[in-house]
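A.B. asks: Sequence lines, in order, name chains A and B. Under my numbering, the first residue of the first sequence carries the number 559, and numbering increases by one thereafter. Under my numbering, the first residue of the second sequence carries the number 102, and numbering increases by one thereafter. Cβ coordinates follow ideal geometry from the N, Cα and C atoms, glycine included. Predicted, not measured: the structure shown is a model, and the values here were computed from it.
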Amino acid sequence: MAYPDDRKYTKDHEWVRVSGDTAEVGITDYAQQQLGDVVYVDLPDVGRTITAGESFGSIESVKAVSELFAPMSGEVVETNPYLKDHPESVNKDPHTTWMVKVRLSDPGAASGLLDSGQYETLIG
Amino acid sequence: MTDTSVDELKKTPLNARHRASNARMVPFAGWDMPVEYSGITEEHLAVRTRAGLFDVSHMGEIEIAGKNALAAVQRISCNDAAALEVGQAQYSGLLTPDGTFVDDLLVYRMAASHFMLVANASNVKKDFAWINEQIKQVGDAAAVDTSSRYALIALQGPASQDVLQPLTGLDLSELRYYHFGHGEVAGGRVTISRTGYTGEDGFEIFVPPAMADRVWQGILESGRSADVIPCGLGARDTLRLEAAMRLWGNDIDESTTVMEAGMDWIVGWGKSDFIGRSSLHEQKEKGLTRRLVGFEMEDRGIARHGYSVIAGDRPVGVVTSGTQTPFLKKAIGMAYVPIDSALPGSGITIDIRGRASQARVVSIPFYKRSRR
């Protein structure tokens with residue numbers, strides 16, 4: 559699967575798509591492959607502040623549980639309601655399945671993240 | 102934690118086949134094993150509705166033969182091997198004097214004085230040393246670790262007999278549950294056992310390593326029209342958990358007794374002696390303080406191995422296995438709980454990463470196949 563160049567990536571295998579002062583956050587195709595069948599995504603409440611590099615939720619596959627790490631800091635303004643009943647969409651469409659929308663405290667911080675080419679190099 | 106280099110891992114005779122088929126490989130008990138092929142959910146459902154094919158060659162085989170082989174097996178194994186006819190297998194435990202598990206195993210009676218024990222991969226060396234030590238005093242019985250002589254291929258699911266029958270002259274309809282026979286499959290000399298670790302009908306086939314790939318490919322070819330697919334250890338684990346089959350290292354080990362694990366049905370109570378006997382009789386008489394139970398989550402979340410069962414802030418038990426099951430589509434698991442919480446219907450609380458989550462004790466197995 560190609561990694562879209564309309565967004566940034568982290569070493570923890572999240573993607574973040576910035577639009578103005580808000581951003582959508584999800585996990586990469588590589589991450590969903592490593593996890594296997596996703597059965598449950600545990601997300602923070604709207605209004606909570608998340609901090610770049612820190613855990614903001616968890617994702618459970620049949621095999622294991624993994625933490626979700628915030629790619630950028632900000633306030634959660636929306637969580638994806640579709641995920642509650644369709645966690646498998648993370649496996650099917652990882653790059654269109656956003657998990658949270660965040661109002662960024664510093665939209666410029668995106669420049670410090672990986673672009674699609676750098677991310678592809680990272681995962682080999 | 103550093104990963105063990107792939108080069109240091111043992112490889113089954115089917116390793117090249119798994120890698121060529123793009124299975125996801127992981128280190129497991131010192132082996133380089135496939136954890137999933139097409140995905141745990143898909144593989145799990147294939148076994149429940151059609152059939153799936155597993156490489157379980159990492160399992161160990163220890164054979165005991167000699168004039169006193171039966172007496173040797175009777176000493177080390179808690180079930181009653183005298184009840185076995187030649188060509189029959191039984192599930193049993195290799196116990197410590199305390200009645201806890203050195204390992205759990207299948208005991209096959211190959212001939213009147215020849216038994217084969219099938220043991221967990223991670224325990225083979227330990228089991229072999231234990232057995233040798235324990236059977237010394239029996240005399241005229243020798244144990245041999247014959248693990249490298251066999252590849253072990255499991256075909257599991259309701260379509261198993263229809264898929265396997267065209268490949269062998271052995272009449273599988275005559276082969277009863279927990280019985281085995283010898284014959285050919287795809288030209289290879291094999292032992293076919295009607296056993297498994299999935300809660301479905303199926304077969305485990307002991308194959309000479311050099312023939313493993315031919316048998317594997319032959320079964321997949323025969324199963325093509327029934328959509329039989331190769332499966333990994335991930336689905337094997339979710340399948341066995343739905344069937345509430347215990348996993349050594351998770352649900353049972355050297356700190357848990359047969360009684361606590363709810364496995365008194367594998368004890369040959371009428372036997373005059375075996376290692377662990379007096380402890381088990383004592384427990385039976387005195388009663389238990391904790392017991393392994395099945396549970397279903399009522400709150401959202403999955404309780405996994407090692408999570409605490411709590412009462413207030415206090416840990417009172419431990420989850421031994423847990424997952425979201427692909428077939429029943431519920432979060433289930435097994436846990437040791439205080440005996441007063443062990444009855445089906447009891448509410449228990451599990452600490453899921455800091456969140457007190459409600460679960461309910463249910464009777465096990467979670468899944469039981471309908472017999473045709």
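1. Could you check whether B:T296 and B:R341 sit closer than 8 Å to each other, using their CB atoms as the reference points?
2. What ranges does the alpha helix (DSSP H) occupy inside the stretch 239-303 of chain B, keeping only unbroken runs of at least 4 residues that lie completely in it?
3. In angstroms, rounded to a whole number, what distance separates the CA positions of B:Q175 and B:E164?
4. Less than 7 Å between C-beta atoms, sequence neighbours within five positions excluded: which residues of the same chain meet that for B:T103?
5. Determine the closest residue to B:D441 out of B:T201, B:P416, B:R456 and B:R391, with distance taken between C-alpha atoms.
6. Quick one: what does DSSP say B:M102 is sitting in, helix, strand or coil?
7. Would you mind reading off the limits of the beta strand (DSSP E) that contains B:F229?
8. Touching or not, the stretch 274-284 of chain B and the stretch 324-339 of chain B, by the rule of three or more beta carbon pairs under 8 Å?
9. In angstroms with no decimal places, state the Cα-to-Cα distance between A:A560 and A:L671.
10. Which residues does DSSP pair with B:I449 in a beta bridge?
11. Do you know how far the Cα of B:G448 is from the Cα of B:G413?
12. On a Cα-Cα basis, can you pick out the residue from B:Y279, B:F307, B:H280 and B:R347 that is closest to B:V286?
13. Indicate whether at least one CB of chain A lies closer than 8 Å to the CB of B:R405.
14. Looking at chain B, which residues of the stretch 595-607 of chain A have a Cβ within less than 9 Å of any of its Cβ atoms?
15. Counting C-beta neighbours from all protein chains within 10 Å, is the total for B:E137 16 or more, i.e. buried, or is it exposed?
16. Taking the alpha-carbon positions, what's the B:L154 to A:Y588 distance?
17. What does the alpha-carbon distance come out to for the pair B:Q235 and B:L196?
18. Report the rounded CA-to-CA distance for B:G455 versus A:S616, giving the unit in angstroms.
19. Report the rounded CA-to-CA distance for B:E186 versus B:E162, giving the unit in angstroms.
20. On the three-state DSSP scale, how would you describe B:K111?
21. Return the bridge partner residues of B:S422 from the DSSP annotation.
22. Would you mind working out which of B:H406, B:K431 and B:Q425 sits nearest B:E419, comparing C-alpha positions?
23. Of all Cβ atoms in chain B, is any one closer than 8 Å to the Cβ of A:D569?
24. Does DSSP classify A:K621 as helix, strand or coil?
25. Quick one: Cα of A:E572 to Cα of A:T609, how far?
26. Let me know the secondary structure DSSP gives B:L334 once reduced to three states.
27. Using DSSP with H/G/I as helix, E/B as strand and the rest coil, what is B:G140?
28. On the criterion of 16 or more Cβ atoms from any shown chain inside 10 Å, does A:P639 qualify as buried, or is it exposed?
29. Hey, quick one: how far does the alpha helix (DSSP H) through B:K385 stretch, first residue to last?
30. Answer with yes or no whether the minimum CB distance from B:G434 to chain A is below 8 Å.
31. For the alpha helix (DSSP H) holding A:Y588, just list the boundary residues, first then last.
32. Rank A:T654, A:S631, A:K650 and A:K569 by C-alpha distance to the C-alpha of A:P665 and give the top, closest one.
33. Give a yes or no on whether 8 Å exceeds the smallest Cβ distance from B:T103 to chain A.
34. Distance check for B:S422 and B:Y464, CA to CA, integer angstroms please.
35. Output the residue ranges of the beta strand (DSSP E) runs that lie fully inside the stretch 176-227 of chain B and measure 3 residues or longer, sorted by chain position.
36. Could you name the residues that DSSP lists as bridge partners for B:I306?
C.D. replies: The answer reads as follows:
1. no
2. 261-265
3. 14 Å
4. Note that B:T103 scores 45 on pLDDT, short of 50, meaning its location in the model is unreliable; the coordinates nonetheless yield the value given after this. Around B:T103: no qualifying Cβ.
5. B:R391
6. Unreliable placement is indicated for B:M102, whose pLDDT of 41 sits below 50; the coordinate value is still reported in the next sentence. Residue state, collapsed to three classes: coil.
7. Per DSSP, B:F229 belongs to no beta strand (DSSP E); it is in the alpha helix (DSSP H), V225 to I236.
8. no
9. 18 Å
10. B:A460
11. 13 Å
12. B:F307
13. yes
14. D595, V597, Y598 and D600
15. buried
16. 27 Å
17. 11 Å
18. 13 Å
19. 19 Å
20. strand
21. B:M435
22. According to the sequence provided, residue 419 of chain B is Val. The question's Glu does not apply to it. For the residues B:H406, B:K431 and B:Q425, the minimum Cα distance to B:V419 belongs to B:H406.
23. Correcting the residue identity first, residue 569 of chain A is Lys in this sequence and not Asp. No - not a single Cβ of chain B is within 8 Å of the one on A:K569.
24. coil
25. 14 Å
26. helix
27. coil
28. exposed
29. R378 to K387
30. no
31. D587 to L593
32. A:S631
33. The predicted position of B:T103 is uncertain, since its pLDDT is 45 and thus under 50; no value can be drawn from it.
34. The sequence as given places Ser at residue 464 of chain B; Tyr does not occur at that position. The alpha-carbon atoms of B:S464 and B:S422 are separated by roughly 15 Å.
35. 190-196, 202-212 and 215-220
36. B:I254 and B:I293
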